Amino acid sequence: MPMPLFSISNLTKTFSTGDETTIPALSGINLAIHSGECLLISGANGSGKTVLMLILAGLMDADGGEVLFRGQPLNTVLPELRRHLGLVFQDADAQIVGETVAEDIAFGPKNLGFAKAAVAERVQEALTALGLADKRDRPPRNLSGGEKRRLAVAGILAMGCETIIMDEPFANLDWPGVVQVLEIVRQLKQEGKTVILLTHELEKVLAFADRLVILDRGIVREDGKPAEVLDRLKDEYGVRDPRKSYGTVEDCTWL
Ligand SMILES: Nc1ncnc2c1ncn2[C@@H]1O[C@H](COP(=O)(O)OP(=O)(O)O)[C@@H](O)[C@H]1O
Ligand SMILES: [Mg+2]
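Counting in my numbering, the final residue of the sequence shown is number 1026, and the numbers go up one at a time with none missing.
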């Protein structure tokens, strides 16, 4: 087994509510994430998915435990991590930084210090890859929900990120929007990117997952091949087995 991309061991994070009580958001998470896999992390609302993502991205400190990125403690390799890992936040609007689609995509590579011509080339490539070329001069806020997710991914690809985490990628999307996101996932997989999806909407995307992790109140309850994890699913995890309506794991997609 090659060295994992991320090795997470005994990771804990607790929030205090101000009135003596505390919320254990993550309680001793152990997880190895491998390069090139499509990992689906599922769990009910509040199970800790977003907090885990923020810690992996170096945007939030854990209270205990360790995260290694390619064998190095995360906080010692933050610049490398920033170039490697792109996040698509649940709230697509919060991620918009440019006045136009092209400007928005350019933001990341500019920040990484690429020369003007290289930025322009990367923006053009990303526009084409995500099917946004005809919208390059449009204000991002007027895009549809699916297009906004495509825009966020375009910005990440323009930076050259090899790993992409999408937090609730189907939230507030209509059917065409969901299809657009699934096409992105398919494309990213084909390109050999590492794709991490945080969602409880298994029926839309499970067919794409190499591996399924179930988080429940900050604890990894299951981790393995999707069908095997679903076979072991317990009601208390708050995740529904999509095979009940869709058939097999391979049928669980809206594409
Ligand atoms: N900034 C915060 N302050 C206090 N509690 C938080 C904060 N962020 C998350 N939490 C709590 O941590 C737990 C996990 O949250 P989160 O990771 O957002 O869950 P999920 O993304 O799975 O819905 C929840 O109980 C949530 O209320
Ligand atoms: Mg969340």
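Glycine residues also receive a C-beta, built at the ideal position from the N, C-alpha and C atoms.
All figures in this text were calculated on a predicted structure; none of them were measured in a lab.
Considering Cα atoms alone, identify which of L953, E892, T783 is closest to S798. By one-based count along the sequence shown, residue 798 stands at place 27. Closest option to S798, Cα to Cα, is T783.
* **Length of the line joining the Cα atoms of T793 and K919** => Position 22 of the sequence shown, counted from the start, is the residue given in the question as residue 793. Position 148 of the sequence shown, counted from the start, is the residue given in the question as residue 919. Distance between the alpha carbons of T793 and K919 is about 35 Å.
> Taking 7 Å as the line, does the beta carbon of F786 fall inside it for any heavy atom of ligand 1?
Replying inline: Translated into positions along the sequence shown, residue 786 becomes position 15. The answer is yes for F786.
Looking at E933: is its Cβ nearer than 8 Å to the Cβ of T965? For the purposes of this step, residue 933 is taken as residue 162 along the sequence shown, with counting starting at 1. For the purposes of this step, residue 965 is taken as residue 194 along the sequence shown, with counting starting at 1. Taking 8 Å as the cut-off, the Cβ atoms of E933 and T965 count as close.
- Task: Tell me whether S778 sits in a helix, a strand or coil according to DSSP, three-state version.
- Result: Translated into the one-based positions of the sequence shown, residue 778 becomes position 7. Strand at S778.
Requested in this report: Could you please give the first and the last residue of the uninterrupted alpha helix (DSSP H) stretch that includes E896?
Outcome: Within the sequence shown, numbered from 1, the residue matching residue 896 stands at position 125. Unbroken alpha helix (DSSP H) run through E896: 887-900.
**Message:** Short of 6 Å in beta carbon distance, which residues of its chain neighbour I955, apart from the five on each side in sequence? Order them along the chain.
**Reply:** Taking the sequence shown and counting its residues from 1, the one referred to as residue 955 is at position 184. Here the set comprises V924.
Contact between the stretch 808-824 and the stretch 958-978: three or more CB pairs below 8 Å?
-> Yes: the two stretches touch, three or more of their Cβ pairs being nearer than 8 Å.
**Prompt:** Below 8 Å between beta carbons: does that hold for Q861 and A796?
**Reply:** In the sequence shown, counting from the first residue as 1, residue 861 sits at position 90. In the sequence shown, counting from the first residue as 1, residue 796 sits at position 25. Cβ distance not < 8 Å, so Q861 and A796 don't count as in contact.
Review point. Taking C-beta to C-beta, are G869 and A863 nearer than 8 Å?
Key: The count along the sequence shown starts at 1 and reaches residue 869 at position 98. The count along the sequence shown starts at 1 and reaches residue 863 at position 92. Taking 8 Å as the Cβ cut-off, G869 and A863 do not qualify as a contacting pair.
* What's the call for A786, buried or exposed, on a 16-neighbour Cβ count within 10 Å? -> Working through the sequence shown from its first residue, we reach residue 786 at position 15. Residue identity differs from the one stated: residue 786 is Phe in this sequence, not Ala. Its Cβ having fewer than 16 others within 10 Å, F786 is exposed.
Listed by chain order, which residues have C-beta atoms less than 6 Å from any heavy atom of ligand 1? For ligand 1, the selected residues are F786, I794, A796, G814, N816, G817, S818, G819, K820, T821, V822.
Check your understanding: Where do the N-terminal and C-terminal ends of the beta strand (DSSP E) with A803 fall, by residue?
Key -> In the sequence shown, residue 803 corresponds to position 32, counting from 1. Element bounds for A803: 793-804.
Can you check which of these residues, R853, T1019, R1003, L903, is closest to V976 by C-alpha distance? Residue numbering aside, residue 976 sits at position 205 when the sequence shown is read from its first letter. Nearest to V976 by C-alpha distance, out of R853, T1019, R1003, L903, is T1019.
Cα-Cα, which of E791, A803, A833 is closest to P773? On the sequence shown, position 2 is the one that residue 773 refers to. The shortest C-alpha separation from P773 is found at A803.
Measure the CB-CB distance between G857 and I927 and report whether it falls below 8 Å.
Along the sequence shown, one-based indexing puts residue 857 at 86. Along the sequence shown, one-based indexing puts residue 927 at 156. I927 sits close to G857, with the two beta carbons spaced by under 8 Å.
Practice item. Could you please give me the residues that DSSP links to S915 through a beta bridge? Key: Your numbering for residue 915 matches position 144 in the sequence shown. Beta bridge pairing from DSSP links S915 with no other residue.
Report the CB separation of V952 from G917 in whole angstroms; it is logged as a contact under 8 Å.
Along the sequence shown, one-based indexing puts residue 952 at 181. Along the sequence shown, one-based indexing puts residue 917 at 146. V952 to G917, Cβ: 6 Å. Contact.
query = Buried or exposed: where does Q866 fall if 16 or more other Cβ atoms within 10 Å of its Cβ makes it buried?
reply = Taking the sequence shown and counting its residues from 1, one reaches residue 866 at position 95. Looking at its Cβ environment, which holds 16 or more other Cβ atoms inside 10 Å, Q866 is buried.
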